[in-house]
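Q:
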Amino acid sequence: MAGEALLGAAFGVLLDRLTSKEFINFFRGRKHDERLLKKLKLKLLGLNKVLNDAEDKQFTDRAVKEWLDELKGAVYDAEDLVDEIATQALRCKVEAEYQSGSNQVQSLISSFTKLFDDDLESKLKGMIDVLEEFTEQKGVLGLREVDGRNWSQTRLQTTSLVDESCVYGRENDKEEIMKLLLSDGESSDKVDVIPIVGMGGVGKTTLAQLLYNDDRSRMGMHFVKKAWRSNASTSLFVMHDLVHDLAQYVMGDFCYRLEDHDKPCGTFENVRHFSYVQRYFDGVNTFKVIKDAKCLRTFLQIDRNYGVKVWLGNKVLDEIISGMPRLRLLTLPSYGVKELPYSIGKLIHLRFLDLSYNRITQLPESVCTLYNLETLLLSNCRSLTTLPVDLGKLISLRRLDLSETSLKEMLVNISRLKDLQRLTAFVVGNCSGSGINGLKELNSLGGAITISGLENVTSGDDASEAKLKEKKQLESLEWGSTAEDSQKERDILENLEPPTNLKLLQIKNYGGTKFPTWLGDQPFGNMVQLRLEKCENCFFLPPLGQMPSLRILTINDCPEIESFPEGSLPSSLTDLSIDKCEKLKSLPEQMHTLLPSLKSLHLYDCPKIESFPEGGLPSSLTWLDIRNCKKLKSLPEQMHTLLPSLKSLNLYDCPEIESFPEGGLPSSLIDLFIKKCE
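Each step along the sequence shown adds one to the number in full-length UniProt numbering, with nothing skipped, and position 205 is 205.
1) Looking at C-alpha atoms only, which residue of 620, 611, 180, 44 is the closest neighbour of residue 598?
2) For the beta strand (DSSP E) containing residue 255, list its first residue and its last residue.
3) Residue 651 bridges to which residues according to DSSP?
4) Taking just the CA atoms, how far does residue 38 sit from residue 22?
5) How many whole angstroms separate the CB atoms of residue 442 and residue 418, which I take to be in contact at a CB cut-off of 8 Å?
6) Identify whether residue 98 lies in helix, strand or coil by the three-state DSSP scheme.
7) Within 10 angstroms of its Cβ, does residue 140 collect 16 or more other Cβ (buried), or is it exposed?
8) Please work out which residues of its chain come closer than 6 Å, Cβ to Cβ, to residue 83, disregarding the five sequence neighbours upstream and downstream, and give them in chain order.
9) How would you label residue 25, buried or exposed, when you count the other beta carbons within 10 angstroms and need 16 or more for buried?
10) Pick from 120, 54, 587, 660: whose alpha carbon is nearest that of residue 86?
11) Grab the span of the beta strand (DSSP E) containing residue 682 for me, first residue to last.
12) Kindly identify the DSSP beta-bridge partner or partners of residue 552.
13) Residues bridged to residue 89 by DSSP?
14) Measure the C-alpha to C-alpha separation of residue 669 and residue 641 and round it to an integer number of angstroms.
15) Quick one: grab the DSSP three-state call for residue 421.
16) Does the segment 318 to 332 touch the segment 359 to 369, meaning 3 or more C-beta pairs lie closer than 8 Å?
17) Since residue 414 and residue 454 should fall inside the 8 Å C-beta cutoff, what is the C-beta to C-beta distance between them, to a whole number of angstroms?
18) I need the boundaries of the alpha helix (DSSP H) containing residue 452, first residue and last residue.
19) With residue 331 as the anchor, note down where its beta strand (DSSP E) starts and where it stops.
20) What did DSSP end up calling residue 557 once you bin it into helix, strand or coil?
21) Tell me where the beta strand (DSSP E) around residue 602 begins and ends.
22) Do you know offhand how far residue 208's Cα is from residue 172's?
23) How many Å lie between residue 45 and residue 9 at the Cα?
24) Start and end of the alpha helix (DSSP H) containing residue 593?
25) What span of residues does the alpha helix (DSSP H) with residue 632 cover, start to end?
26) In three-state DSSP terms, what is residue 485?
27) Determine the extent of the beta strand (DSSP E) in which residue 376 is found, giving its start and end residues.
28) For residue 570 versus residue 591, is the C-beta distance shorter than 7 Å?
29) Is the distance from the Cβ of residue 550 to the Cβ of residue 576 below 7 Å?
30) Do you know how far the Cα of residue 602 is from the Cα of residue 652?
31) Per DSSP, what kind of secondary structure is residue 354 in: helix, strand or coil?
32) What does the Cβ neighbour count give for residue 72, buried or exposed, with the cut at 16 atoms within 10 Å?
33) Return the bridge partner residues of residue 473 from the DSSP annotation.
34) Using C-beta distances below 7 Å, list every residue in its chain close to residue 19, excluding the 5 sequence neighbours before and after it, in chain order.
35) Looking only at its own chain, which residues have a Cβ that is under 6 Å from the Cβ of residue 497, when we skip the five neighbours before and after it?
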């Protein structure tokens, strides 16, 4: 059963934590507390053995159902207590490592631990008493121990097979959905999900099976390929009524979702997980609804795309935090928050904190005591300029999103965050502890990262300490600098060689005269996109033949580049954008054969280009966009036959072009835009 699985999983996690090495070490030497801990573990093990029987009987015995619901609440409470103990153990570890050798710190930890121990004994005894009551009640209710491994139930398998001769009256519905699935025109609206909604038993699943088995356009294959691909434009999903009802049943009173304009009902005392849609119930209205949810673990805002502007004052935030000390997930994006209250440090159980799109200028130092925090999202907090000094204490942090902020430098001692897997931005500072070498120990980094402030790197040797090449999980890398020392920048970038499995690379504001040798020599077999932007002193483009997967190449504001090296572009290229290359005289020769996959060509602000290469452009081209090319005198010859796939042609501010080529334009053309071509 799903409910048994959820509660059983909670028991499993709880028992695992009680037997973990860190937990046992924390209690070693505390004989009295150690005995209480063993007693707690035995009570949990005894209750865990009757879960299967209780789950089976709850449907016919209301008393068992009530007992089970109350037990779930008790397990939540036990989890919170165990988590509180584990947090204290983690705190002692962090403080000892962070400021080792400080007698004052050790004294503070010792005194705090003594106070905590006194409180801990009382809480453990209280929890054992609660579980003892459940143990006594299980006998009264007649619950028996059942081995979960021997408990099974035959489950009817659902397939795509259906007897069409037994289906009546769904032909029109099937045809309407078929039209949506098969629409594939450029101007047609793309369908992401087709919902099939109706009362139980009307045939939603049967209708989906009929569509799946339709022979038109190999419908079955269409589903197989589309349904499981992340870039699918069309998918079909059916949620069975029983699954939906079961999910609601399992959630019970512990989960609550507040829909738009719903009227909240019932009590919130037992609610652990709360979500709401950001419309009517937002701001103070939302928090009034859940003010009694003292045991809340999850506060999740859903959907922020309605243009609703809500502001939360510091007082309201302080009330939320003080009233919900067990929160593990808190999302407050787009609330116009300017200041996070110091009381945020009370949320010792917090794992996930989303403060994106707010007006925060700085975080309180108390954030640094959230030792369990794994995810901190600060993207688009454009007023954020600094991070707390001791943020390096958050050793559980896995994801830190700092994109689109105004940080001047990274947090000191970021190298302590050795488990960090996602870091969207790294700003090199000029203070001790915020240099590029802070990346050295972060070998678990993956995904995309933007490195800026490279002008603060002192030398190439300093740059090599970042050991970027060892960050094997990195997928995307962006560099930015505002330095004016060309040779120094070249040395720095030469020593910032990334891993060869990189998928996206952007080099921005690079002041060297040559691109680093590794850009042309190393086999970047996974590279899909390369952007070279504002590299104002570079005279030559790097050879890109070592990038067989490159699809998108953007060259922007590189005024000294005059030409493309022979054979410098890979045949895999599909999108080529060239902008503000003032000295560029020509496009690559023989590009009609060298770039057989090219779909899109954008040519902006290239005043010295007078004509297209001999042989014209690749026949695969579908989009040609030319702007502000003052000396371009003509379009490609015979484009009416050599560009059979061209669908869009844009010409803007190209005054030397006097006419279309002989033979006219391709018949495939759909969009034509011409302006300021005098």
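All C-beta atoms, glycine included, are put in the ideal place defined by N, C-alpha and C.
A: So, from the data block:
1) Looking up residue 598 in the sequence shown gives position 598. Answer by Cα proximity: 620.
2) Within the sequence shown, residue 255 is the residue found at index 255, counting from 1. Segment 255 to 258, the beta strand (DSSP E) holding residue 255.
3) In the sequence shown, residue 651 corresponds to position 651, counting from 1. DSSP lists 626, 674 as partners of residue 651.
4) As a working mapping, residue 22 is identified with position 22 in the sequence shown. As a working mapping, residue 38 is identified with position 38 in the sequence shown. Between residue 22 and residue 38, the C-alpha separation is close to 15 Å.
5) On the sequence shown, position 442 is the one that residue 442 refers to. On the sequence shown, position 418 is the one that residue 418 refers to. Approximately 7 Å separates the beta-carbon atoms of residue 442 and residue 418; this is inside 8 Å, confirming the contact.
6) Reading the sequence shown from its first residue, position 98 is the one you call residue 98. It is helical.
7) As a first step, residue 140 must be located in the sequence shown, where it is residue number 140. Exposed, by the Cβ-count rule.
8) Here residue 83 refers to the residue found at position 83 of the sequence shown. These residues qualify, in order along the chain: 349.
9) For this step, residue 25 is matched to residue 25 along the sequence shown. When all chains shown are included, residue 25 counts as exposed.
10) Here the question's residue 86 lines up with position 86 in the sequence shown. That would be 120, whose Cα lies nearest to the Cα of residue 86.
11) The requested residue 682 is not part of the displayed model; the chain covers only 1 to 678.
12) Residue numbering aside, residue 552 sits at position 552 when the sequence shown is read from its first letter. In DSSP, residue 552 forms a bridge with 529, 575.
13) Mapped onto the sequence shown, residue 89 falls at position 89. Answer is none; residue 89 lacks a bridge partner.
14) As a position in the sequence shown, residue 669 is number 669, starting the count at 1. As a position in the sequence shown, residue 641 is number 641, starting the count at 1. The alpha-carbon of residue 669 is positioned some 12 Å away from that of residue 641.
15) Reading the sequence shown from its first residue, position 421 is the one you call residue 421. Note: residue 421 maps to coil in three-state DSSP.
16) No: the two stretches stay apart, fewer than three of their Cβ pairs being nearer than 8 Å.
17) In the sequence shown, the residue the question calls residue 414 occupies position 414. In the sequence shown, the residue the question calls residue 454 occupies position 454. Taking 8 Å as the upper bound for CB-CB distance, residue 414 and residue 454 are not in contact here, some 16 Å apart.
18) For this step, residue 452 is matched to residue 452 along the sequence shown. In the DSSP assignment, residue 452 falls outside any alpha helix (DSSP H) and lies within the beta strand (DSSP E) extending over 446 to 452.
19) Position 331 of the sequence shown, counting from 1, holds the residue named residue 331. In the DSSP annotation of this structure, the continuous segment of the beta strand (DSSP E) that includes residue 331 starts and ends at 329 to 331.
20) Here residue 557 refers to the residue found at position 557 when the sequence shown is read from its first residue. It is coil, neither helix nor strand.
21) In the sequence shown, the residue the question calls residue 602 occupies position 602. Note, residue 602: beta strand (DSSP E), 600 to 604.
22) Translated into the one-based positions of the sequence shown, residue 208 becomes position 208. Translated into the one-based positions of the sequence shown, residue 172 becomes position 172. Here the alpha carbon of residue 208 sits roughly 13 Å from the alpha carbon of residue 172.
23) On the sequence shown, position 45 is the one that residue 45 refers to. On the sequence shown, position 9 is the one that residue 9 refers to. Using only the alpha carbons, I get a separation of about 13 Å.
24) Translated into positions along the sequence shown, residue 593 becomes position 593. Run containing residue 593: 591 to 594, per the alpha helix (DSSP H) assignment.
25) Walking along the sequence shown from the start, residue 632 turns up at place 632. Premise fails: residue 632 is in no alpha helix (DSSP H) and is neither H nor E.
26) Translated into positions along the sequence shown, residue 485 becomes position 485. Taken through DSSP and simplified to helix, strand or coil, residue 485 comes out as coil.
27) Translated into positions along the sequence shown, residue 376 becomes position 376. Where residue 376 is concerned, the enclosing beta strand (DSSP E) stretches over 375 to 377.
28) Counting from one through the sequence shown, the residue named residue 570 turns up at place 570. Counting from one through the sequence shown, the residue named residue 591 turns up at place 591. Not a contact, by the Cβ cut-off of 7 Å.
29) One-based indexing of the sequence shown puts residue 550 at position 550. One-based indexing of the sequence shown puts residue 576 at position 576. No, the pair does not count as a contact, with Cβ atoms beyond the cut-off.
30) To locate residue 652, count along the sequence shown from 1; it is residue 652. To locate residue 602, count along the sequence shown from 1; it is residue 602. Cα-Cα distance, rounded: 12 Å.
31) Walking along the sequence shown from the start, residue 354 turns up at place 354. In the three-state reduction of the DSSP assignment, residue 354 falls in the strand class, which pools E and B.
32) As a position in the sequence shown, residue 72 is number 72, starting the count at 1. It is buried - the Cβ of residue 72 has at least 16 other Cβ atoms within 10 Å.
33) As a position in the sequence shown, residue 473 is number 473, starting the count at 1. Bridge pairing for residue 473: 446 [DSSP].
34) Walking along the sequence shown from the start, residue 19 turns up at place 19. Excluding residues within five positions, none has a Cβ falling inside 7 Å.
35) Walking along the sequence shown from the start, residue 497 turns up at place 497. Around residue 497: 469, 518.
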